[in-house]
Amino acid sequence: MDDRSAPDARESRPDGRGHESAVVFSDELTAVLQRAVQQAAHRLHAVAAAVYLLTPDGGELRAAMIGGSPPSVLTLPGRMSLESSYASARALATHGVAILAEPDPLAEPEQGALAYPYTVASVPLETEGRRFGSLTVLRSENRGGYGDADCRWLTRIGDRLVVLLSDLHARGITIAPGNLPVLVPVFGTELPADEADQVVWGVPGVLGSSGMTLLYALQRLTEMLNRATTMEHVVGAAEFCVRAPLGARALVLASAAEGRLWVLGHSGDSSPLVRELHGTALHAGTPACRALRGRALFDSGRSGPSSRSRDGSGDGARAAAHLPLVGSWHVVDLPMPEAAPVVGLCCLSFDGPRTFPPEERAVLTMMAGHLGSAVQRIELSTGRQALAEVMQKRLLPAALAEAPRLTTTARYRPAQTTGEAGGDWYDVITMPDDRVVLVLGDVEGHTLESAAVMGQLRTAVAAYATEGHGPGALLERTDRLLSRLGTELLATCCVVAVDTETGAAEVALAGHPAPLARLPDGTVRRLWAPPNVPLGLHVRDPYRSREHTLPPGTVLVLYSDGLHEPDRDDVRARLDGLGPPAGTDLEQLADGLLQDTPARRDDAALLLARYEGTDGGRAPRVARLHVHRRDLRAVRKARGFVHECLCDWDLADLADDLVLITSELVTNALIHAGSDVDLRLRAFGDRVRLEVRDSDSDPPVPTAYSLTEEGSARAEHGRGLFLVDALACTWNTSPSGRGKTVWLEMDIPGVGGAADRRMT
7 MDDRSAPDAR
17 ESRPDGRGHE
27 SAVVFSDELT
37 AVLQRAVQQA
47 AHRLHAVAAA
57 VYLLTPDGGE
67 LRAAMIGGSP
77 PSVLTLPGRM
87 SLESSYASAR
97 ALATHGVAIL
107 AEPDPLAEPE
117 QGALAYPYTV
127 ASVPLETEGR
137 RFGSLTVLRS
147 ENRGGYGDAD
157 CRWLTRIGDR
167 LVVLLSDLHA
177 RGITIAPGNL
187 PVLVPVFGTE
197 LPADEADQVV
207 WGVPGVLGSS
217 GMTLLYALQR
227 LTEMLNRATT
237 MEHVVGAAEF
247 CVRAPLGARA
257 LVLASAAEGR
267 LWVLGHSGDS
277 SPLVRELHGT
287 ALHAGTPACR
297 ALRGRALFDS
307 GRSGPSSRSR
317 DGSGDGARAA
327 AHLPLVGSWH
337 VVDLPMPEAA
347 PVVGLCCLSF
357 DGPRTFPPEE
367 RAVLTMMAGH
377 LGSAVQRIEL
387 STGRQALAEV
397 MQKRLLPAAL
407 AEAPRLTTTA
417 RYRPAQTTGE
427 AGGDWYDVIT
437 MPDDRVVLVL
447 GDVEGHTLES
457 AAVMGQLRTA
467 VAAYATEGHG
477 PGALLERTDR
487 LLSRLGTELL
497 ATCCVVAVDT
507 ETGAAEVALA
517 GHPAPLARLP
527 DGTVRRLWAP
537 PNVPLGLHVR
547 DPYRSREHTL
557 PPGTVLVLYS
567 DGLHEPDRDD
577 VRARLDGLGP
587 PAGTDLEQLA
597 DGLLQDTPAR
607 RDDAALLLAR
617 YEGTDGGRAP
627 RVARLHVHRR
637 DLRAVRKARG
647 FVHECLCDWD
657 LADLADDLVL
667 ITSELVTNAL
677 IHAGSDVDLR
687 LRAFGDRVRL
697 EVRDSDSDPP
707 VPTAYSLTEE
717 GSARAEHGRG
727 LFLVDALACT
737 WNTSPSGRGK
747 TVWLEMDIPG
757 VGGAADRRMT
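Numbering (the numbering used here), first residue to last: 7 to 766.
Pasting the structure below:
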């Protein structure tokens, strides 16, 4: 907004950054405006009065001076167009007194209160040859409407102000508003006795105490909501600044979506109110649904059927407030504009009847506006983050490739503070010559472009690896490809090619952290390789690699920089701190490395691979079965598959238990995940491992047995996990690509070794 008034009307001081400092009116103009708002407020028993002046270009009205007490002074708009329906603009357009007072025609007795608890009157400030603006007063609804005497007084004060403004203008003083109005205190009379008894804000009988306390609560709520990042934070702020100070029995926040109300959070004794609101159709005739039209409804609980207890207890009348949560909103001297998006509702219930004084209602409406903005912001952020996670999962492998002598697992965690898609990726690529290529990379940024480039690079790396290129040559080709993609983004990458026959591991880096190796004795060392430069710089120097030898039982750890601080070796420290017991299982090791990490500004990827060795030259004992979605008849095939494999591996003693577990887990995945199921069976020297993978990311929940028929039916889907827990030596669930894996291990009789890994 440009400040176009003449320099003799105000002073401007440079602040050193090319902007103007606060506007200061001339002393004479200030005195004239102050006298007018004070007279108008006192003569008309108003809680606030304001002078609106035309901007120099005549395009809009801006508040030049506002007099009154908090919170009323905050309810007046700071600016308005001349075509708006505000009283101030209408007075200037009609050249006469404009009065706005609109009771809610849908309100029942004792609910009638105005949606906006003030009546507004305004007179134009104009002469035959010049228009200055308008003089507006705000009166509490309990003072009633404006009579003829009130209008005459307001017109008289306005006419006197016009004479004074004309004189100032004739003497060369520009009459124009600043960017922000000047506020002056004007305290009115005490509250009526019946309302003073209801005051819960401030000290009763002390002028201004209630308003200042309300204003502090509003400021505190705003401060807490500005820091809120989750819906729990928003509910906590509403509890602290709204429900508790009001002494309300319950508070519920609900969103309006898909034609119904959905509870977002609640506090206090809120169960009855939650049951009443959750899932209610928006077209229902309840007070809550009526409030969604944009008008706050306050029910004193003194009469009308709607004021009775709604929880069926019949314990008498209760007051209630239904406040619409408006996403993009500012306080005006009209009911909320139709264009304002109502995103939800804040409902308050009380133990008994109570009134809602106008100032309290005005502040509650303002609080609801701030709550609405916070709810809208967090819901949008949550939606964006969910979309980013879904897209990221679609770009990552649906499941890691199975390698006979290499056990792998991976984790991906999106950035917690951005809510956008990231560029981290991982992959496991099996080759026909007993080689397995492990890849972990990171495209810079957290944008859709980062995710798109990541998908292209992952495909390219997999293609180059399949062609048989070594790690160094693979990175060189990927670097040339990235340079031709027309993006300025860079990427780092770590490639490890493992020969599962000999244990040789060739490492090549492109500006990425070198992988870690956890040896069988628990020692952790870094697999050094030349760092090289990130992908996308297109330098002529070749990408050099370094070869290492892995003893059987070595765990490789590939990770992105989202898991550690630049100046600290956090991953290695956490790996050392987990100790030998945590390293016996890759899933537990991966969870341990991600546990207790601080809030991440960057997404993070982790790829673990344990080299199992050649097992004395014996052929790897690995088998896999794919089951199509909804094919329940394939459960029988899965049982036969497990039984046949175990018999071929001379492990028939485990067949009965593993076949029973397989039947439960595959059936559960087909019914509840509704996706294809991947069954993997693997025998090590001392144990057998079974993995059942599906595309549902929600972990299964064990459900206790119930003595009732209804409870037993609900619990049926979770009983298989109790069976797994009873028969397996250790089991758990873990993320797996786009879904999850339920895995378990059983000791091979006469060998042992898995019992100490049993899940606690």
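Don't be surprised by glycine CBs; every beta carbon is placed ideally from N, CA and C.
Tell me which residues share the same chain as residue i and place their Cβ nearer than 8 Å to its Cβ, disregarding the 5 neighbours each side in the sequence.
i, result
"Gly559", "Leu525, Pro526, Arg616, Tyr617, Glu618, Gly619"
"Arg532", "Ala520, Pro521, Leu522, Ala523, Arg578"
"Ala155", "none"
"Val349", "Ser261, Ala262, Leu331, Val332, Gly333, Gly378, Val381, Gln382, Glu385"
Alpha carbon to alpha carbon, how far is residue i from residue j?
i, j, result
"Met397", "Thr81", "44 Å"
"Ala97", "Ala104", "5 Å"
"Leu329", "Ala260", "11 Å"
"Ser277", "Arg249", "15 Å"
"Cys653", "Arg490", "54 Å"
"Val79", "Gly271", "32 Å"
"Ile677", "Glu670", "11 Å"
"Thr142", "Glu366", "22 Å"
"Pro403", "Asn185", "56 Å"
"Leu267", "Gly300", "15 Å"
"Leu750", "Asp684", "14 Å"
"Ala69", "Val269", "39 Å"
"Glu132", "His48", "23 Å"
"Ala644", "Leu592", "25 Å"
"Pro477", "Ser551", "7 Å"
"Asp608", "Asp702", "25 Å"
"Leu444", "Arg419", "19 Å"
"Asp33", "Val57", "16 Å"
"Asn674", "Asp663", "17 Å"
"Thr161", "Ala46", "10 Å"
"Thr236", "Pro191", "38 Å"
"Leu687", "Ala457", "34 Å"
"His570", "Gly274", "41 Å"
"Ile163", "Ser140", "11 Å"
"Val280", "Leu288", "15 Å"
"Ala466", "Thr484", "7 Å"
Among the residues of its own chain, which have a CB less than 7 Å from the CB of residue i, if the five just before and after it don't count?
i, result
"Pro557", "Gly509, Leu525, Pro526"
"Trp655", "Arg627, Ala689"
"Asp742", "Reading off the sequence, residue 742 comes out as Ser, not Asp. Hits under 7 Å: Ala405, Arg699."
"Trp159", "Arg49, Leu50"
Name the residue from the options whose alpha carbon lies nearest to the alpha carbon of residue i.
i, options, result
"Ala503", "Trp159, Leu488, Tyr58, Leu480", "Leu480"
"Pro347", "Phe362, Pro359, Met460, Val381", "Val381"
"Arg41", "Asp154, Leu170, Ser91, Glu89", "Leu170"
"Ala99", "Phe138, Phe304, Pro62, Gly73", "Phe138"
"Asp165", "Pro130, Thr180, Gly598, Asn148", "Pro130"
"Val442", "Ser456, Thr668, Ala421, Val513", "Val513"
"Ser172", "Pro537, Leu39, Ala287, Arg85", "Leu39"
"Gly745", "Met437, Cys651, Arg400", "Arg400"
"Val369", "Leu402, Leu495, Ala223, Arg688", "Ala223"
"Asp74", "Ser87, Gly184, Arg145, Ser90", "Asp is not the amino acid found at residue 74; the sequence shown has Gly there. Taking only the C-alpha atoms, the option nearest Gly74 is Arg145."
"Met86", "Leu406, Leu495, Ser551, Leu59", "Leu59"
"Ala610", "Ala596, Ser566, Leu638", "Ser566"
"Ala302", "Leu106, Leu463, Pro123", "Pro123"
"Gly542", "Thr371, His475, Tyr432, Cys499", "Cys499"
"Ala658", "Asp753, Gly598, Ala323", "Asp753"
"Gly64", "His649, Leu88, Thr236", "Leu88"
"Leu297", "Glu282, Ala327, Val280", "Here residue 297 turns out to be Ala, not Leu, going by the sequence shown. Ranking Glu282, Ala327, Val280 by Cα distance to Ala297 puts Ala327 first."
If I'm right that residue i touches residue j with Cβ under 8 Å, what's the distance once you round it to whole angstroms?
i, j, result
"Ser379", "Gly333", "6 Å"
"Pro705", "Thr736", "Actually they do not touch by this definition, with Cβ atoms about 16 Å apart."
"Tyr432", "Leu446", "5 Å"
"Leu696", "Thr668", "7 Å"
"Ala409", "Val434", "7 Å"
Apart from the five residues on each side of it in sequence, which residues of its chain come closer than 6 Å, Cβ to Cβ, to residue i?
i, result
"Phe362", "Phe304"
"Val459", "Val449, Thr493, Leu495"
"Thr228", "His376"
"Thr747", "Glu697, Arg699, Ser740"
"Leu515", "Cys500, Ala535, Pro537, Asn538"
"Val757", "Asp692"
Query raised in the report: Between the region 727-745 and the region 630-643, do three or more beta carbon pairs fall short of 8 Å?
Result: no
Requested in this report: For the region 247-263 and the region 349-357, state whether three or more C-beta atom pairs, one from each stretch, are separated by less than 8 Å.
Outcome: yes
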